[in-house]
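To keep things clear, I will list the structure first and then write my remarks on it.
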Amino acid sequence: MRFDGIFSNNVLEHFRHPVQELQRMERLLHEGGSMAHATPCFEYLYEYTRFHLHFFTGKSKDLLMQLANLQLVEDIVDGDFICRVMKSSRQGECHA
Numbered sequence: 044m045r046f047d048g049i050f051s052n053n054v055l056e057h058f059r060h061p062v063q064e065l066q067r068m069e070r071l072l073h074e075g076g077s078m079a080h081a082t083p084c085f086e087y088l089y090e091y092t093r094f095h096l097h098f099f100t101g102k103s104k105d106l107l108m109q110l111a112n113l114q115l116v117e118d119i120v121d122g123d124f125i126c127r128v129m130k131s132s133r134q135g136e137c138h139a
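Every position in the sequence shown, counted from 1, becomes a number in this note's numbering once 43 is added.
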């Protein structure tokens with residue numbers, strides 16, 4: 044099963060291995076599909092973080108995306124959250 048889009052809201056920071064999870068999600072996309080993942084803004088670094096394993100701020104968001112073979116489409120900052128819209132960096136490959 045493949046999808047045109049995948050969205051998560053306050054999920055990535057809870058994964059033990061976020062790069063591998065993003066790679067797994069990327070493989071579920073149709074060619075040309077995209078993903079959007081919302082995470083808390085930096086201001087919440089020390090609030091409500093008991094279960095947060097990772098914080099994605101500054102260049103760490105870019106590194107996470109690069110390691111997962113994704114390209115930035117758009118960053119949307121909305122109050123307390125940053126939503127990063129991404130697409131696969133792979134071109135012309137068949138997702139089997």
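Yeah, the Cβ is synthetic: ideal placement off N, Cα and C, and Gly gets one too.
Non-local beta-carbon contacts of Arg45 in its own chain, meaning distances under 8 Å to residues more than five positions away in sequence, involve Leu71, Leu72, His73, Gly76, His138 in chain order.
Sixteen is the threshold: when 16 or more other Cβ atoms of the shown chains lie within 10 Å of the Cβ of Leu113, as they do, the residue is buried.
DSSP places Ser103 in the uninterrupted alpha helix (DSSP H) bounded by 102 to 110. Linking Lys102 to Glu69 through their CA atoms gives a straight-line distance of about 21 Å.
With 16 or more other Cβ atoms from the protein chains shown falling within 10 Å of its own Cβ, Arg127 counts as buried. Of the residues Ile49, Glu56, Lys130, the one whose Cα lies closest to the Cα of Phe124 is Glu56. Bounds of the beta strand (DSSP E) holding Arg127 are 124 to 131. It is roughly 21 Å from the alpha-carbon of Ala111 to the alpha-carbon of Val120.
CA-to-CA, the gap between Leu115 and Lys130 works out to about 7 Å.
In this structure, Leu107 and Leu65 form a Cβ contact; the two beta carbons are roughly 7 Å apart against a cut-off of 8 Å.
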